[in-house]
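Notes for the one structure printed next.
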Amino acid sequence: MRLAPDGIAITADGLALELWGIRKMSLSDRHAHWLEERKILAEKAAEIGVYSEGPRIAFPYIKAGKVVYSKCRLPEDKSSTIIKPKGQTQDFLWLEHTLPADPKTVPLIITEGELDALALRQVGFQCVVSLPSGAASD
């Protein structure tokens, strides 16, 4: 087992992970394949916490080292479901916990969705976050 950035323990298969001892999470083969079809490396997604929640793929929103809520979606459906405790607000960005202590040192990239943020992280941009609800449509 190795420790990835953000304190995530990655097992030898590169997909199973445990976030700060909260619970064991993993990325299913189906979801890993779905990400790979979109040219997103499943191992990279797992390293920053993406996991499978039954038939849905989940993007955990982390604050102060804890998963506060997760945004889940079916691979074949763009609509999403938020799994969160009652009263929890969506007042922060996905991957906000990975930003440097002094964010003024590098440009910040804000994306519309988690998959866009994953793609940018994969090609080397580290100061990337995603809006929790995507962009508004007119």
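Just remember that my numbering sits 1281 ahead of the position in the sequence shown, which is counted from 1.
Built from N, CA and C at the ideal position, the CB exists for glycine as well.
The model shown is predicted, which means the values in this text are computed figures rather than measured ones.
Alpha-carbon spacing of residue i relative to residue j, whole angstroms
| i | j | result |
| --- | --- | --- |
| S1307 | L1374 | 22 Å |
| V1387 | C1408 | 7 Å |
| G1335 | R1311 | 11 Å |
Member of the options whose CA lies at the smallest distance from the CA of residue i
| i | options | result |
| --- | --- | --- |
| A1323 | K1352, C1353 and S1309 | S1309 |
| K1325 | I1343, C1353, G1335 and F1406 | F1406 |
| S1333 | R1319, K1347 and R1354 | R1354 |
| A1398 | L1389, V1404 and S1411 | S1411 |
| K1352 | I1329, K1344, E1317 and R1337 | R1337 |
Beta-carbon separation (whole angstroms), residue i vs residue j, contact threshold 8 Å
| i | j | result |
| --- | --- | --- |
| W1315 | P1356 | 4 Å |
| H1378 | I1343 | 4 Å |
Cβ-based burial, residue i [other Cβ within 10 Å; buried from 16]
| i | result |
| --- | --- |
| R1402 | buried |
| S1360 | exposed |
| E1395 | buried |
Where residue i sits in the DSSP three-state scheme
| i | result |
| --- | --- |
| R1319 | coil |
| K1325 | helix |
| K1359 | coil |
| E1393 | coil |
| A1382 | coil |
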